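One structure is given here, and the rest of the page talks about it.
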Amino acid sequence: MKIADVLPCGHGPLIPISATLVGKGVGLRTVLAFMIGVAGASIPELIILGSMFKRRLVLAFALNVFFLAIVAG
Numbered sequence: 406m407k408i409a410d411v412l413p414c415g416h417g418p419l420i421p422i423s424a425t426l427v428g429k430g431v432g433l434r435t436v437l438a439f440m441i442g443v444a445g446a447s448i449p450e451l452i453i454l455g456s457m458f459k460r461r462l463v464l465a466f467a468l469n470v471f472f473l474a475i476v477a478g
């Protein structure tokens with residue numbers, strides 16, 4: 406499996422970071438958890454979502470991303 410196979414669309418800068426981590430010996434599942442955490446629930450994204458949705462929904466989204474990263478890693 407390649408990094409590009411599991412990369413979410415629109416997050417191109419993660420490819421070099423992920424490829425470097427895998428090249429240095431970090432496990433693919435660990436890199437996948439890192440990518441989910443970085444791309445899925447960044448602080449700017451949560452701020453934007455917080456301005457658009459209720460706080461409870463944003464919290465549910467962040468927890469969902471957090472648990473997904475745990476399961477992937």
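In my numbering, the protein residues as written are 406 to 478.
Where a beta carbon is used, it is the ideal one built from N, C-alpha and C, also for glycine.
On a predicted model such as this, the values are computed, not experimentally measured, just so you know.
Task: Supposed close pair residue 427, residue 436 - CB separation, criterion 8 Å - done: 6 Å
Open item on the list: Measuring straight from C-alpha to C-alpha, what distance separates residue 433 and residue 422?
Closed with: 12 Å
TODO: Have a look at 438, 431, 466 and flag the residue whose alpha-carbon is nearest the alpha-carbon of residue 448.
DONE: 466
- [ ] For the alpha helix (DSSP H) containing residue 456, list its first residue and its last residue.
- [x] 448-457
Open item on the list: Using the Cβ count rule (16 or more neighbours within 10 Å means buried), how would you classify residue 463?
Closed with: buried
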